[in-house]
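Everything on this sheet refers to the single structure shown next.
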Amino acid sequence: MNEDYKQTYHEKYAREKQHGVKFFPDIIFKDMLVSFGIFVLLVGLAIFVGVANEPPADPSDSAYIPRPEWYFLFLFEMLKYFPGQIEWIGTAIIPGAAVVALFLLPFFDKNRSRHWSKRKFAIGFMSLAVLSMVVLTIMAVATTPPQEEVALASTLSEQITLGQDVYSVQCVECHGAEGEGGEIIGVEGLEGVVLDPINHSDIMYTYTDDTLYNIVEYGQPALGMPPLGLAYGGELSRGDITALVNFMRYTWDDRAELPAEAVAASAIPELKPGEVPSYEVHIATLSKRYCVSCHRPNKENNNYLMQSYEEIMTSGDNAPNLIAGDLGSNLIRMLHREEIEAGGPMPPTKELKPEYIEIWERWVMGGMPNTAAEAAAVSTTTTESAPTAPAASQTP
Amino acid sequence: MEKLYTWLDERLGLKTIYDVVLDRKVPKVNWFYTLGSASLFLFVIQAVTGIFLTVYYVPSPDHAYDSIQFIMNGVAFGWLIRGIHHWGATLMVLVVFFHMLRTFYFASYKYPRELTWLTGVLLLFLTLGMGFTGYLLPWNQRAYWATTVGTEIPGTVPIIGPWITSFLRGGPDLSAVTLARFFSLHIWWLPAGIVLLISVHMYLIIRLGISSLPKKDD
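Here the protein sequences come in this chain order: A and B.
Be aware that the first sequence starts at 24, since it is given in this note's numbering, and climbs by one per residue.
Be aware that the second sequence starts at 9, since it is given in this note's numbering, and climbs by one per residue.
As structure tokens, this is what we get:
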């Protein structure tokens, strides 16, 4: 770099400055305008988009698909082209070369011209690099499979509601719908075992949350309780177990007060005279709490699954178990504890409360509507919007 | 008032600061030249919201997740502060990157601004480092597994790779140690480096003036 070049540059720059503007207020004004725009954008994003809630870290859940922050995606995508033995070309050589090149750019770029028309190679090269980063990012987004939806609970009430669901599916078979225990019926290997209740103060006062958590995660194999944690062959993630423990604590510990929100969320809406219940509002909650524990895949249930409207209506070896308008349907007779060809009394250990059996009956008589809207259409009362009064029944 | 100003000016040199920093002539430039100040603004936003977040955040695997749930649901406007910090991170990476592209396309890195470019590139990588370390702190599934994979990658580098991985993690696996050192990097080491480099960067900009738009004969 010779002195002439430097001098010409400084002369030119001095001329530019003369024709220029004052840093304050001209430049500062533009800067502040842009910064203010960014601030408004950020507040808008925080309010209207927010931050997606995620389940807590769970090292035992290896099924989780790792997703780096989006601006690193292009790097991950690039690595796919360097499998096995040559992986280090993608992880070390290329990024390393790019970093060094970017650093030393002013020292190896000997082109003195500044206008783009005289820097076609540099401009082209950089544009190509940026373009490939964009393309790789798009490819990464397009090829990453969507994450499986996980039940998430952030507030205490949501935790308790989620815990209730977990309890209904994982624990009811042995411990009963309300933790009352009793003789186990229909569970392989534990048939006839009599369990002490777990819903009273002896347990709740002496077991800390950590103890409850550990019992659920590790099980108590010597007593016949299997481990439920993902890491030990069960189905529950850490978030699920935490929710379950919160549910037990706030429902059964008489020192803890169940938040009103949680009561409302788990309540089954009361029926007005003439109102027809629907699957989505009433039956889904009932079946989830009292039936799904056994009536899901890989359980002894004559292949009658009850996890969705479709399944309840059509599945099972003795299908149809429900016939619209027929109170002699298998399911209704079994709820009334009859021993019939399709099976014995349901639920096996403890009769369903009469008001719940009535909901089932009125649903069958009403033609078994799926959605609340369909149910309202066949109801004979003037049903105002969704019924919100929590049922006097069931404080779980 | 007048007296107070004279007293302060005599000791602080306010007039000199005004003359040198604010009341200087600069070439006419376009809107792309606001990206630098936008980067600085975003850094300040991130610093302020970050400082607020440390009031409630607990950097331990047992409490990190719950402390963030509390910030989101229990602390007044905690969701807003975290929302801004979350989106500010994304935006800062974008704006700093575009600032680098602007500098490149307008040839601003050439004589006499080589050192400004050098510190700028360092700042770009420190910003990415902030993104990488900050991503782990919520200690949720996304954070945990992204960092597991992210720290595995340098492990493929021949010879020193495994050493880098175990240095980043503070052991063979992600643990409380990893979270502690990412937290330390995120709130002390990297911001300290950024503040230092921004100072040098700004000094150079004031000393050399902002570059002019290249003309056809440049």
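All C-beta atoms, glycine included, are put in the ideal place defined by N, C-alpha and C.
*Which residue comes first and which comes last in the alpha helix (DSSP H) that contains ASP263(A)?*
261-275
Check your understanding: Where does GLU298(A) fall in DSSP's three states?
Key -> coil
For THR114(A), which residues in chain B fall below 9 Å Cβ to Cβ?
ILE161, PRO162, GLY163, THR164, VAL165, GLY169
Whose Cβ in chain B lies nearer than 7 Å to the Cβ of ARG90(A)?
Residues of chain B whose Cβ lies closer than 7 Å to the Cβ of ARG90(A) are, in chain order, ARG150, ALA154.
Kindly identify the DSSP beta-bridge partner or partners of ASN38(B). Per DSSP, none; premise fails for ASN38(B).
*Can you give the Cα-Cα distance for THR337(A) and PRO343(A), rounded to whole angstroms?*
6 Å
Exercise for the section: Would you tell me roughly how many angstroms separate the C-alpha atoms of ILE355(A) and TRP386(A), rounded to the nearest one? Expected result: 11 Å
Exercise for review: Answer yes or no: does any C-beta atom of chain B fall closer than 7 Å to that of MET6(A)?
Suggested key: Residue numbering for chain A in the displayed model covers 24 to 419; residue 6(A) lies beyond these limits and cannot be assessed.
### Query
Which runs of the beta strand (DSSP E) spanning at least 3 residues fall entirely within the stretch 192-259 of chain A, listed in chain order?
Within the stretch 192-259 of chain A, no run of beta strand (DSSP E) reaches 3 residues while sitting entirely inside it.
Notebook entry, point to check: According to DSSP, what are the bridge partners of VAL153(A)?
Noted result: According to DSSP, which records beta bridges pairwise, VAL153(A) is partnered with nothing at all.
> Cβ of VAL304(A) versus every heavy atom of the ligand SAH: is any distance shorter than 6 Å?
Replying inline: Ligands displayed in this structure: none; no statement on the ligand SAH is therefore possible.
- Answer with buried or exposed for MET357(A), where buried requires no fewer than 16 other C-beta atoms within 10 angstroms of its C-beta. buried
*asked:* How far does the alpha helix (DSSP H) with LYS29(A) in it extend, from its first residue to its last?
replied: 26-41
*On the three-pair Cβ rule with 8 Å, is the stretch 89-97 of chain B touching the stretch 61-69 of chain A?*
As far as the Cβ criterion goes, the stretch 89-97 of chain B touches the stretch 61-69 of chain A, which means the pair count is three or higher.
Over the uninterrupted alpha helix (DSSP H) stretch that includes ILE109(A), give me the two end residues. Element bounds for ILE109(A): n/a, residue is neither H nor E.
Chain B within 7 Å of SER416(A), Cβ atoms only: The predicted position of SER416(A) is uncertain, since its pLDDT is 44 and thus under 50; a value taken from the coordinates is nonetheless stated next. By this cut-off, SER416(A) is not an interface position.
**Message:** At the 7 Å Cβ level, is ASP54(A) part of the contact set with chain B, yes or no?
**Reply:** Yes, ASP54(A) lies at the interface with chain B (some Cβ there is under 7 Å from its Cβ).
Counting only beta-carbon atoms, is ALA80(A) nearer than 7 Å to chain B? yes
### Query
Of all the CB atoms in chain A, is at least one closer than 7 Å to the CB of MET194(B)?
The sequence shown places His at residue 194(B), rather than the Met named in the question. For HIS194(B), the answer is no, since every Cβ of chain A falls outside 7 Å of its Cβ.
Quick one: is PHE3(A) near chain B, going by C-beta distance under 7 Å? Past the edges of chain A, shown from 24 to 419, lies residue 3(A), and the structure says nothing about it.
task = For my contact list, TRP111(A) and VAL165(B) are in at a C-beta cut-off of 8 Å; report their separation, rounded to the angstrom.
result = 6 Å
Interface partners of MET80(B) on chain A, CB under 7 Å: SER177
Legend entry - Proximal residues of chain B, C-beta to C-beta of SER301(A) below 8 Å: The premise fails here: SER301(A) is roughly 31 Å from chain B at the closest Cβ pair, so nothing lies under 8 Å.
| query | Using DSSP with H/G/I as helix, E/B as strand and the rest coil, what is GLY179(B)? | reply | Note: GLY179(B) maps to coil in three-state DSSP.
Q) When burial is assigned at 16 or more other CB atoms within 10 Å of the CB, is HIS107(B) buried or exposed? A) It is buried - the Cβ of HIS107(B) has at least 16 other Cβ atoms within 10 Å.
Alpha-carbon spacing of PRO220(A) relative to ILE208(A), whole angstroms: 15 Å
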